[in-house]
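**Student:** Converting from the sequence shown to this note's numbering requires adding 1486 to each position, the first position being numbered 1.
Beta carbons are placed, not taken as given, at the ideal position from N, Cα and C, and that holds for glycine.
Owing to the predicted nature of the structure, the values given are computational and were not obtained by experimental measurement.
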Amino acid sequence: MRDDHVGDVVVVEERGEHRVPVGLVTDRDIVVGLLAKDVEHIARLNVGDLLISDVITARESEDVTTVLDRMRHYGVRRVPVVNPDGELVGIFAVDDLLAILAEDLSAVVTLFASGRRREHKQRA
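1. If you draw a straight line from the C-alpha of A1593 to the C-alpha of V1492, how long is it?
2. Going by C-alpha distance, which of L1531, L1510, H1504 and D1549 is nearest D1540?
3. Please report the straight-line C-alpha distance between E1573 and V1498, rounded to a whole angstrom.
4. Rounded C-beta distance between P1566 and T1543? I'm assuming under 8 angstroms.
5. Kindly identify the DSSP beta-bridge partner or partners of L1574.
6. Could you pull out every residue in the same chain whose Cβ sits closer than 7 angstroms to the Cβ of R1505, ignoring the five residues on either side in sequence?
7. Can you tell me whether DSSP reads T1551 as helix, strand or coil?
8. For a quick check, are the C-beta atoms of V1550 and R1563 less than 7 angstroms apart?
9. Can you name the residues that DSSP bridges to R1545?
10. Go ahead and label V1595 buried or exposed: buried means 16 or more other beta carbons lie within 10 angstroms of its beta carbon, across all protein chains shown.
11. My output table needs one value for V1594: the three-state DSSP class, helix, strand or coil.
12. When the Cα of V1518 is compared with those of R1501, D1590 and L1536, which residue comes out closest?
As structure tokens, then:
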């Protein structure tokens, strides 16, 4: 996770031709659940020892507001996204949404600034 700079790993189970999410391990799970508790023999643990098996998912057809409501209800910042067959197709992270919203807000600020410049030129 550190090498690839990712904050979570989705654990999947092969079901026929599909990879279905069955759990999630986050960087926070590792830090709060293991390192902060000074767990002995940490090197001998496997993913199953850390796995949050009640994985909350989002369907790729759901709107962002619905997914955010679910995330808020369960207190999670990332959810695997699944297709109609339950197969993992991606992950939705609040961090990614914040980056998109910041870009959109920046575009709005730029719009206001360019509008002011245009009005100033027209009145001059």
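**Tutor:** For this structure:
1. By one-based count along the sequence shown, residue 1593 stands at place 107. By one-based count along the sequence shown, residue 1492 stands at place 6. For A1593 and V1492, the distance between alpha carbons rounds to 28 angstroms.
2. Locating residue 1540 in the sequence shown gives position 54, where the first residue counts as 1. Here the closest residue by C-alpha is L1510.
3. By one-based count along the sequence shown, residue 1573 stands at place 87. By one-based count along the sequence shown, residue 1498 stands at place 12. Taking the straight line joining both Cα atoms gives about 9 angstroms.
4. If you number the sequence shown from 1, residue 1566 lands on position 80. If you number the sequence shown from 1, residue 1543 lands on position 57. About 5 angstroms; that satisfies the 8 angstroms criterion.
5. Mapped onto the sequence shown, residue 1574 falls at position 88. V1568.
6. By one-based count along the sequence shown, residue 1505 stands at place 19. Excluding residues within five positions, the ones whose Cβ falls inside 7 angstroms are V1498, E1573 and L1574.
7. Residue mapping note: residue 1551 aligns to position 65 of the sequence shown, counting from 1. Helix.
8. By one-based count along the sequence shown, residue 1550 stands at place 64. By one-based count along the sequence shown, residue 1563 stands at place 77. Taking 7 angstroms as the Cβ cut-off, V1550 and R1563 do not qualify as a contacting pair.
9. Reading the sequence shown from its first residue, position 59 is the one you call residue 1545. According to DSSP, R1545 bridges with V1568.
10. Working through the sequence shown from its first residue, we reach residue 1595 at position 109. V1595 is exposed by the Cβ-count criterion.
11. Position 108 of the sequence shown, counted from the start, is the residue given in the question as residue 1594. V1594 falls in the helix class under three-state DSSP.
12. Indexing the sequence shown from 1 puts residue 1518 at position 32. Measuring from the Cα of V1518, the nearest candidate turns out to be L1536.
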